[in-house]
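What follows is one structure encoded as structure tokens, with my remarks underneath.
Number of protein chains: 2
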Amino acid sequence: MTTPPSSTLRLRRVGIDTFRENVAYLHRDCPVVRAAGFQALAKVQVQADGRTILAVLNVVDDARIVDTVELGLSEEAFARIGVAEGHAATVAHAEPPGSIAALHRKIAGERLGRDDLRAIIADIAQARYSKVELAAFVVATNQFELDRDEVLHLTEAMIAAGRRLDWHREVGGGPVVDKHCIGGIPGNRTSMLVVPIVAAHGMLCPKTSSRAITSPAGTADTMDVLAEVALPFERLVAIVRETRGCLAWGGTAELSPADDILISVERPLAIDSPGQMVASILSKKIAAGSTHLVLDIPVGPTAKVRSMPEAQRLKRLFEHVASRLNLHLDAVITDGRQPIGRGVGPVLEARDVMQVLENAPDAPADLRQKALRLAGRVIEFDPDVRGGDGERIARDILESGRALERMNAIIDAQGRRSERPPPAPLTHEVVAGADGVVAAIDNLRIARIARLAGAPQVPAAGIDLLKKLGDRVARGEPLYRVHAHYPADLGFARTLAQADGGYRIGDGVAPAPA
Amino acid sequence: MTTPPSSTLRLRRVGIDTFRENVAYLHRDCPVVRAAGFQALAKVQVQADGRTILAVLNVVDDARIVDTVELGLSEEAFARIGVAEGHAATVAHAEPPGSIAALHRKIAGERLGRDDLRAIIADIAQARYSKVELAAFVVATNQFELDRDEVLHLTEAMIAAGRRLDWHREVGGGPVVDKHCIGGIPGNRTSMLVVPIVAAHGMLCPKTSSRAITSPAGTADTMDVLAEVALPFERLVAIVRETRGCLAWGGTAELSPADDILISVERPLAIDSPGQMVASILSKKIAAGSTHLVLDIPVGPTAKVRSMPEAQRLKRLFEHVASRLNLHLDAVITDGRQPIGRGVGPVLEARDVMQVLENAPDAPADLRQKALRLAGRVIEFDPDVRGGDGERIARDILESGRALERMNAIIDAQGRRSERPPPAPLTHEVVAGADGVVAAIDNLRIARIARLAGAPQVPAAGIDLLKKLGDRVARGEPLYRVHAHYPADLGFARTLAQADGGYRIGDGVAPAPA
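Going down the list, the sequences are from chains Z and C. If you're matching positions, the first sequence starts at 25 in this note's numbering and goes up one per residue. If you're matching positions, the second sequence starts at 25 in this note's numbering and goes up one per residue.
What follows is the structure, given as structure tokens:
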């Protein structure tokens, strides 16, 4: 198990980026590998200059990568150990992280206590879990659904594992606000309207946004069309101080490092359990220093939440945990039966947002209306605003141009893009197969077609919706236009749309909201 | 999602062994990485010369590993694609493997059908699952316990995914036998006695053995002290033809490739669910061509199976699946209250085995007796042997020296070691804290102390048991001796033994078997 003390190696930085997984590289003929019987993918403990990290072992046959007296570390592992190249280092079989016993109990179906969850999350945040252990935690907590207290303790543990911002100097006892959507609705870029509106009202809104992982665009991807979004943590803080808001990406890893790591496992498994969703969202908001949060929970047959009772259960879970953590939460259940706005994909969504901010006559009404409603709820966190006045105040700010002005200030602070690209040039129109009324639009299908067209990797790719629920269409009339940059992408998207375009045309009126 | 067609790269073999995980290496400045927005750890599909593999992406910053027009593959991925270096290759975002939908249904708690399991196991065997997906499958099938038919279908799928041996030419319609223990009992090296005995009786026994992963020694580690064990598949087959038996390692990956991959995830998670155990054991036996199997299920408070009802349930599950697959199974529930024999660790266990084969007067009686019992059960698969006669025949073979002779033939065929090493020189004796009778021995504790002492990586390290259940001891009398090669290892083992040595001394007689 342990290595003889003579096995000292020279530390070497290996120029391989293994994302959040620490990898150690040892040559097959390294004496330590031979003596200790290491196998590839074994978990090892690396020590250098009093610092210790855990890593997964890759065995190397090429002395140009590491030679027999070197111990190589992947980019992030090297940064994490924080010791110079050439320094003496030792390697040994890793003892399992301290919280593994608690993980095994969760796999066996037991409830975990506050200390168990704190230990697990601390080990995850310190990169002591392998991908396999992370996946086991995610699946086990998904299957034996976490009870309310477990979710509370998980959230607390995730906050405790990272940095926490404090805006007391900026706001005194006033609210620090945020707005968040649980996701799943294409085109739903209300944050890019709510942030400038509430910042223009004078509220502090340290919004962190994410890039798309399974959707055709995240707020960060869309904002990236207009401004620099990958900003260092300290820069984000300075921008919020200056403009009262920001729409950037980055820094979130420092706010809730365990969440960032867990998401890298949850996404490929398509796991999005209520407990994990609540802990993930609330831990980031609280770590960012927010005291008041408006939460958007869209409900619809192809949304994340499929029914009103399910939405109510999720709302109550959010409320329970938020109240225990002194976060004022206003959860709004919204209509998630179809995409919001017209564009799906970064460039097309940025166009919609700017049309609303510019009060363009043909700006998408549903995006405008939903943003005003949510901004109104945020503004009502202001103790000087009377209940019911928020939406009117938000509309005044938007119509007066003050929201656009604030958005421009945020864009300039983050770093304005020199030009705003047009939608991708190759197009394909998907048309109605019959006369009638649009009776249903499948969010998931639209998202998949937009991704196949290239979004978000190709920002100008995506879908432009020409018809929405309740619109009357004639057979052969275009329902939406697919934009792509590469012919192959357009071909894939077209093939998928031909199998099922995601629209259902009925003969009557669209059904009422869920 | 898809890469523009111009993105052709040059295939390069990267001398990094990532075990069963395919890794692709792309330079950060490679145009494909930039255009397609690949991130480290993304799953990619690599195509070259009409062949396709899935791999996990590592992004490289060092042109000596791969330059910007190269596509690197780790050792096993390179072997798997089977195309020469320098050949043109393309890379694209991977579509999820076809069985992922079934995996998601299992995560959500559904029962899976025969086709689902066959698709999952085929994808696993083809290395299309990431570690994360493998862990999700293992945890999900552990938590929603598989029903009997799911276990049957899982076993069938695991057989179908690999090679299958046929010994019809060697045995005609006669039995092809094997003996297997579900594990968990230190020192339990009966296979090394059963194989030469039944081979000397003339039966064909194509035994595959494994190395220890969590225990202080596997049969392959112990046999490694006496002979070469890492033999290519075709060599194993030839040895079995020549000597009617073998005690080697290797080739198992070809017999049940999915099992090999699943075990690499189950072991670190300490998951050993009944369904996975049954499918793993029976698939390997049937793929190796066995028609008759004696299965050893030890029961005891620190064994894998803790109670008689649990043992009976496991036995019935094994019997159900074996009968559907036309494997004759004789499951024997044995006494698992303590280690078998005296030695724990490869060299010490090999010594015990050879003492029994050599009919040494001080050979461990419990190991001899258990091996004769199990060999007798195997021999009774011989249609010419009367029920009840097997153990007598086995004893005759052992006492006449024919078992030793056969063992020597097997050792010579595999490749005899030039010398048999003595136990490691550094020792520490653990003594009784009181007068009395040995009332309990903790298998898990003994195994852990032996591993800290260095077993199995240091073959001569381990534990020599001087007292067993029911033995009378005086205060201060040695219970067992720890052997280590390195002072640090001895220190770790001693510290663990001081906290709890794994022995309980009572004042009466040892309790009856469970």
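Positions of the beta carbon are idealized from the N, C-alpha and C atoms, including for glycine. Only a predicted model underlies this, so the values are computations on that prediction, with no experimental measurement involved.
Not flagged as an interface residue toward chain C: Ile-529 (chain Z), since no C-beta distance is shorter than 8 Å. Taking C-beta atoms as the reference points, Leu-271 (chain C) and Ser-304 (chain C) fail to come closer than 8 Å. Residue state for His-507 (chain Z) is assigned as strand, using DSSP reduced to three classes.
Annotation for Asn-82 (chain Z): no alpha helix (DSSP H) segment contains it, though the beta strand (DSSP E) segment containing it runs 75 to 84. Within the DSSP secondary-structure output, Gly-96 (chain Z) pairs in a beta bridge with Z:Arg-36 and Z:Tyr-49. At a C-beta separation below 7 Å, Ala-160 (chain C) has these neighbours in chain Z: Ala-159, Val-163 and Leu-293. The stretch 448 to 459 of chain Z makes contact with the stretch 510 to 521 of chain Z; the number of CB pairs closer than 8 Å reaches 3 or more. The stretch 157 to 171 of chain C makes no contact with the stretch 185 to 199 of chain C, as fewer than three CB pairs between them are under 8 Å. According to DSSP, residue pairing for Ile-357 (chain Z) in a beta bridge involves Z:Ile-321.
With fewer than 16 other CB atoms across the displayed protein chains lying within 10 angstroms of its CB, Ala-458 (chain C) is exposed. Counting only runs that start and end inside the stretch 436 to 500 of chain C, the alpha helix (DSSP H) elements of at least 4 residues fall at 467 to 476. At the C-beta level, Ile-310 (chain Z) and Ala-355 (chain Z) stay beyond 8 Å of one another.
Here Val-329 (chain Z) is buried: its Cβ has 16 or more other Cβ atoms, across all protein chains shown, within 10 Å.
With a threshold of 16 other beta carbon atoms within 10 Å, Arg-410 (chain C) falls short and is exposed.
In this structure the stretch 357 to 373 of chain C lies against the stretch 384 to 400 of chain C, because at least three pairs of beta carbons, one per stretch, are closer than 8 Å. Contact note: Gly-208 (chain C) does not reach chain Z at a C-beta cutoff of 7 Å; the least C-beta distance is about 16 Å. For Pro-407 (chain C), the three-state secondary structure derived from DSSP is coil.
A straight-line Cα-Cα distance of about 15 Å links Pro-281 (chain Z) and Asn-46 (chain Z).
Residue contact check for Tyr-49 (chain C) against chain Z: a CB pair falls below 8 Å. For Thr-315 (chain Z), the closest alpha carbon among the candidates Z:Lys-231, Z:Glu-278, Z:Gly-369 and Z:Leu-127 is that of Z:Lys-231.
Remark: C-beta atoms of Leu-293 (chain C) and Leu-351 (chain C) do not approach each other more closely than 8 Å.
Taking the Cα positions, Thr-114 (chain C) is about 20 Å away from Arg-475 (chain Z).
Under the three-state reduction of DSSP, Asp-524 (chain C) is assigned to coil, being neither helix nor strand.
Straight-line measurement puts the Cα of Leu-228 (chain Z) at about 16 Å from the Cα of Arg-426 (chain Z). Take Arg-172 (chain C), set aside five residues on each side of it, and the residues of its chain with a beta-carbon closer than 6 Å to its own are His-344, in chain order. Per the DSSP secondary-structure output, His-117 (chain C) pairs in a beta bridge with C:Val-68. Around the beta-carbon of Gly-226 (chain Z), fewer than 16 other beta-carbon atoms lie within 10 Å, marking it exposed. Contact annotation for His-128 (chain C) against chain Z: Leu-293, Ala-294 and Ile-295 [CB-CB distance below 9 Å, chain order]. Remark: C-beta atoms of Tyr-510 (chain C) and Gly-486 (chain C) do not approach each other more closely than 8 Å. Distance from the Cα of Glu-99 (chain C) is smallest, within the candidate group Z:Gln-336, Z:Ala-108, Z:Asp-85 and Z:Val-90, for Z:Asp-85. Of all residues in the stretch 107 to 123 of chain Z, the ones placed with a Cβ closer than 9 Å to any Cβ belonging to chain C are His-117 and Pro-120, in chain order. When the Cα atoms are used, Leu-514 (chain C) and Asp-488 (chain C) turn out to be separated by approximately 14 Å. Each of Z:Arg-37, Z:Val-318, Z:Ala-185 and Z:Leu-78 was checked against the Cα of Val-90 (chain Z), and the nearest Cα belongs to Z:Arg-37.
Annotated as distal: Pro-445 (chain Z) and Ala-241 (chain Z), with beta-carbon spacing of 8 Å or more. The three-state secondary structure of Ala-294 (chain Z), taken from DSSP, is coil. Around the Cβ of Gly-106 (chain C), a 10 Å sphere holds fewer than 16 other Cβ atoms; the residue is exposed.
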